[in-house]
């Protein structure tokens, strides 16, 4: 530690500089792990909640179509309310639910190994559940991206058909 007044090196436990008599203000710097942990769990929560958001999106689209009273198949003005979008999101929702159930089931299956190795059983339980959720998130992203691309291609082809009929 160094004196801020004269610059001389002083012992770490000193409160006064032995050279110039300057009173030293000691501030202890401690690394903050709380914000790192909070950020990690915030990120983990957002990843886990993505499949739930997909399910809510599907329900809201079906409600909106129900309020309209019709299924708008040929509309390119509202591409996310076409039959392709609704059917695709329903399939995505079913796949996500199946993946999450598979993750939980394989995690529970690890509990049968608890007699052999407690650490492996608990690690397998937690790993399978988290792995199943991350797999569901990845599949949600992959299929949603594929669905959006299909919708774009369908809308482009509908626009080309409309232009060729004019």
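Residue numbers (this note's numbering): 645 to 810. We put the CB at the ideal spot given by N, CA and C, even for glycine. Keep in mind that this is a model prediction, so the values were computed, not measured.
CB residue i to CB residue j, shorter than 8 Å?
| i | j | result |
| --- | --- | --- |
| residue 668 | residue 658 | yes |
| residue 751 | residue 768 | yes |
| residue 758 | residue 765 | yes |
| residue 737 | residue 754 | no |
Leaving out five residues on either side along the sequence, give the residues of the same chain with a beta carbon under 8 Å from the beta carbon of residue i.
| i | result |
| --- | --- |
| residue 660 | 666, 667 and 668 |
| residue 701 | 733 |
| residue 781 | 691, 692, 694 and 695 |
| residue 729 | 705, 723, 791 and 795 |
| residue 742 | none |
| residue 801 | none |
| residue 770 | 751 |
| residue 763 | none |
What is the C-beta distance between residue i and residue j, in whole angstroms, given that I count them as a contact (C-beta under 8 Å)?
| i | j | result |
| --- | --- | --- |
| residue 776 | residue 746 | 6 Å |
Taking the alpha-carbon of residue i as reference, which of the options has the nearest alpha-carbon?
| i | options | result |
| --- | --- | --- |
| residue 697 | 768, 740 and 763 | 740 |
| residue 788 | 694, 708 and 655 | 694 |
| residue 778 | 748, 731 and 756 | 748 |
| residue 744 | 762, 801, 685 and 691 | 691 |
Would you check whether the ligand GTP has a heavy atom nearer than 7 Å to the C-beta of residue i?
| i | result |
| --- | --- |
| residue 655 | Absence of the ligand GTP from the depicted structure is noted, as is the absence of any ligand whatsoever, leaving it without description. |
Near residue i, which residues of its chain fall below 6 Å by C-beta distance, leaving aside the five closest residues on each side in sequence?
| i | result |
| --- | --- |
| residue 653 | 646 |
| residue 651 | none |
| residue 616 | Given a span of 645 to 810 for the chain in the structure shown, any question on residue 616 remains unanswerable. |
| residue 806 | none |
Excluding the 5 residues flanking residue i on each side, which residues of the same chain have their C-beta closer than 7 Å to its C-beta?
| i | result |
| --- | --- |
| residue 784 | 694, 695, 698, 736 and 740 |
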